[in-house]
Ligand code: SF4
Ligand code: SF4
Ligand code: FES
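Protein chains in written order, with our numbering: chain Y, 161 to 301; chain P, 5 to 377.
In structure tokens, the structure reads:
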């Protein structure tokens, strides 16, 4: 039923910032939709577009890549590379007529619990509007 | 105006004569070019040092048995070759080599690059199943198309017909083929670099000044741009969506010929050939539970999206992936289209300039805010 749709979002969260931010949001008991399955990565720069494509094609309703704010990456430049890779994947999907809106890149620092809450809430709302990822139904991928 | 060496021979003989003199006068140690393998139209790239073997060289044979860029990368993978090598390659092959060098997969050192204003090539299928010897109908038709923009190479591959990068960007010499109606009696070679001039010094022939971007070339360029627009419009790639992708790649047999032949796909341990790409039995179980059924092997669309994100930024549109696909999937049209849209984001033309970093290996601290949320 449409009204009961809880999106499944795969979140690739950088260990040093966004994962800690998510943790903080949790321990601070901030209210968030239970939509995210987090995958902890050492840096957003580790997120090869192929990983994001995997999540998308396996039927994630949304995929979030989150890392430290520009300038704050633990490895200095990882998130700058991540941003370029992400831009490429988005462009590839757009050019192929795929729903690139189901991908999101956000910066969340370790101290930004409320920011994490906001990102998740907002993204979940957006995906709710888009509905379930139709890819889930395909059998001949 | 460019400096041009004019030799009073047809283009094939003219280039052979130049190559022979390079070898005889020890200006180069070797020549890398397409060489006849037998009389029925088989050619392969070869590296030769014996001047007597130049006879069998067919520098502009309209078929691409491999992307020379990939071959040159293999030759120089662990260091540059010692003596100077004159390499006769097509513009997209030179661009592929430059991309590979940027990826530290080869060295440009000690090469004299001879390229041409390129008329494209026939498909693998046509070259193998048709008669493509130097006295065949296909052969004369090809050269007719090279001379006249009106005939715009009727039967060459769709990718070539739609290619606007037919002038090499970093060749030392460019053999002027396109639009030159006199190629049966004269061979004009523009000398683009100091190196090119130095090597041509003392060659038999006349040195003249000429405008390379002439009216005929402009006509070719316009025709090809038009053709590209038509090709893209016809292929409707932007309307694919998931259903279109499944339809298009549905007949892929998973041979991975496209990535093996691709000059840009250079990784020896490709993730798509690795165990990582295989599903565990438990993954199959989750997926069939979710979907009610699944194609075996799965991941066809995934493979192609993966390849597009990995090589799209550097795809030179050489067309080989389409050439080798046994399932006749219009891969190079898709890669060209998606590649160009990705390249546009970074205003990048693959293989144009070896000094320009591949966008994935560099960044600006302030950019692309439109992809952040
Ligand atoms: S060459 Fe064709 S059939 Fe083989 S993997 Fe590539 S797309 Fe599939
Ligand atoms: S993807 Fe196809 S057209 Fe592009 S470089 Fe590779 S083989 Fe050539
Ligand atoms: S360590 Fe957080 S983005 Fe690099």
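C-beta atoms are modelled at their ideal positions from N, C-alpha and C, and glycine is treated no differently.
### Query
Given residue 358/P, which residues of its chain have a CB within under 8 Å of its CB, disregarding the five upstream and five downstream residues?
Your numbering for residue 358/P matches position 354 in the second chain. Only 102, 105, 106, 112, 174 meet the Cβ criterion.
### Message
By the DSSP assignment, the beta strand (DSSP E) with residue 126/P in it spans what residues?
### Response
On the second chain, position 122 is the one that residue 126/P refers to. Element bounds for residue 126/P: n/a, residue is neither H nor E.
### Query
If residue 276/Y sits next to residue 264/Y, beta carbons under 8 Å apart, how far is it from one beta carbon to the other, in whole angstroms?
Sequence index remark: in the first chain, residue 276/Y carries index 116 (1-based). Sequence index remark: in the first chain, residue 264/Y carries index 104 (1-based). So it is not a contact: roughly 13 Å between Cβ atoms.
### Query
Shorter than 7 Å from the beta carbon of residue 255/P to some beta carbon of chain Y?
Within the second chain, the letter at position 251 stands for residue 255/P. Answer no: the Cβ-Cβ gap between residue 255/P and chain Y never drops below 7 Å.
### Task
Check whether the Cβ atoms of residue 262/Y and residue 209/Y lie closer than 7 Å to each other.
Translated into the one-based positions of the first chain, residue 262/Y becomes position 102. Translated into the one-based positions of the first chain, residue 209/Y becomes position 49. Going by C-beta atoms, residue 262/Y is not nearer than 7 Å to residue 209/Y.
### Task
Leaving out five residues on either side along the sequence, give the residues of the same chain with a beta carbon under 8 Å from the beta carbon of residue 169/Y.
Residue numbering aside, residue 169/Y sits at position 9 when the first chain is read from its first letter. 195, 196, 197, 220, 221, 222, 223, 224, 280, 283, 284, 287, listed in sequence order.
### Query
Should residue 188/Y be counted as a contact of ligand 2 given a C-beta to heavy atom distance under 6 Å?
Residue 188/Y sits at position 28 when you count from the first residue of the first chain. Checking the Cβ of residue 188/Y against ligand 2 gives no.
### Within the stretch 55 to 138 of chain P, ranges of the beta strand (DSSP E) (whole runs, at least 3 residues)
89 to 92, 115 to 120
### Within chain Y, partners of residue 375/P - CB distance below 7 Å
As a working note, residue 375/P is residue 371 in the second chain. Ordered by position in chain Y, the residues that pass the 7 Å Cβ test against residue 375/P are 243, 246, 247, 250, 265.
### Task
Can you grab the Cα-Cα spacing for the pair residue 59/P / residue 226/P, in whole Å?
For the purposes of this step, residue 59/P is identified with residue 55 of the second chain, where counting begins at 1. For the purposes of this step, residue 226/P is identified with residue 222 of the second chain, where counting begins at 1. Distance between the alpha carbons of residue 59/P and residue 226/P is about 36 Å.
#### Entry: For residue 301/Y and residue 303/P, believed in contact at Cβ under 8 Å, the rounded distance
Your numbering for residue 303/P matches position 299 in the second chain. Your numbering for residue 301/Y matches position 141 in the first chain. The Cβ separation is near 7 Å, so the contact holds.
### Query
Using the C-alpha atoms, what's the distance from residue 312/P back to residue 252/Y?
Residue numbering aside, residue 252/Y sits at position 92 when the first chain is read from its first letter. Residue numbering aside, residue 312/P sits at position 308 when the second chain is read from its first letter. Taking the straight line joining both Cα atoms gives about 7 Å.
### Message
According to DSSP, simplified to helix, strand and coil, what is residue 49/P?
### Response
As a position in the second chain, residue 49/P is number 45, starting the count at 1. Three-state result, residue 49/P: strand.
### Task
Give a yes or no on whether the minimum CB-CB distance between residue 154/P and chain Y is below 7 Å.
The residue given as residue 154/P occupies position 150 in the second chain. Closer than 7 Å: no.
### Task
Taking only the alpha-carbon atoms, compute the straight-line gap between residue 365/P and residue 240/Y and give it to the nearest angstrom.
Reading the second chain from its first residue, position 361 is the one you call residue 365/P. Reading the first chain from its first residue, position 80 is the one you call residue 240/Y. Roughly 10 Å separates the two Cα atoms.
### Query
Just how far apart, CA to CA, sit residue 298/Y and residue 314/P?
Numbered from its first residue, the first chain carries residue 298/Y at position 138. Numbered from its first residue, the second chain carries residue 314/P at position 310. Distance between the alpha carbons of residue 298/Y and residue 314/P: 24 Å.
### Task
Just mark residue 26/P as buried or exposed, buried being the case when its beta carbon has 16 or more other beta carbons within 10 Å.
Mapped onto the second chain, residue 26/P falls at position 22. Buried: at least 16 other Cβ atoms inside 10 Å.
#### Entry: Contact set for residue 346/P: own chain, Cβ-Cβ below 6 Å, skip 5 residues either direction
Residue 346/P sits at position 342 when you count from the first residue of the second chain. 316, 317.
### Query
Taking Cβ positions only, does residue 258/P come closer than 7 Å to chain Y?
As a first step, residue 258/P is located in the second chain; it is residue number 254 there, counting from the start. With 7 Å as the cut-off, residue 258/P does not count as an interface residue toward chain Y.
#### Entry: Which of helix, strand or coil DSSP assigns to residue 253/Y
Here the question's residue 253/Y lines up with position 93 in the first chain. Three-state DSSP puts residue 253/Y in a helix.
#### Entry: Continuous beta strand (DSSP E) stretch holding residue 246/P: start and end
Counting from 1 along the second chain, the entry for residue 246/P is found at position 242. Counting along the chain, residue 246/P falls outside any beta strand (DSSP E), though it belongs to the alpha helix (DSSP H) covering 245 to 253.
### Task
Answer with buried or exposed for residue 54/P, where buried requires no fewer than 16 other C-beta atoms within 10 angstroms of its C-beta.
Counting from one through the second chain, the residue named residue 54/P turns up at place 50. Exposed, because fewer than 16 other Cβ atoms sit within 10 Å of the Cβ of residue 54/P.
### Task
Return the residues of the stretch 280 to 297 of chain Y that lie within a Cβ-Cβ distance of less than 7 Å from chain B, sorted by chain order.
Absent from the structure is chain B; the protein chains it does hold are Y and P.
### Query
Over what stretch of residues does the beta strand (DSSP E) that includes residue 194/P continue unbroken?
Looking up residue 194/P in the second chain gives position 190. Here the beta strand (DSSP E) through residue 194/P covers 191 to 195.
### Query
Excluding five sequence neighbours on each side, which residues of the same chain lie with their C-beta closer than 8 Å to the C-beta of residue 41/P?
Locating residue 41/P in the second chain gives position 37, counting from the first residue. The answer, listed in chain order, is 47, 48.
#### Entry: Residues that DSSP places opposite residue 264/Y in a beta bridge
The residue labelled residue 264/Y in the question sits at position 104 within the first chain. Partner(s): 224/Y.
### Task
Answer yes or no: do residue 67/P and residue 160/P have a C-beta to C-beta separation smaller than 7 Å?
Counted from its first residue, the second chain places residue 67/P at position 63. Counted from its first residue, the second chain places residue 160/P at position 156. No, Cβ-Cβ distance for residue 67/P and residue 160/P is not below 7 Å.
### Task
Would you please state the rounded distance, in angstroms, between the beta carbons of residue 81/P and residue 110/P? I believe it to be under 8 Å.
By 1-based counting over the second chain, the position of residue 81/P is 77. By 1-based counting over the second chain, the position of residue 110/P is 106. The Cβ separation is near 6 Å, so the contact holds.
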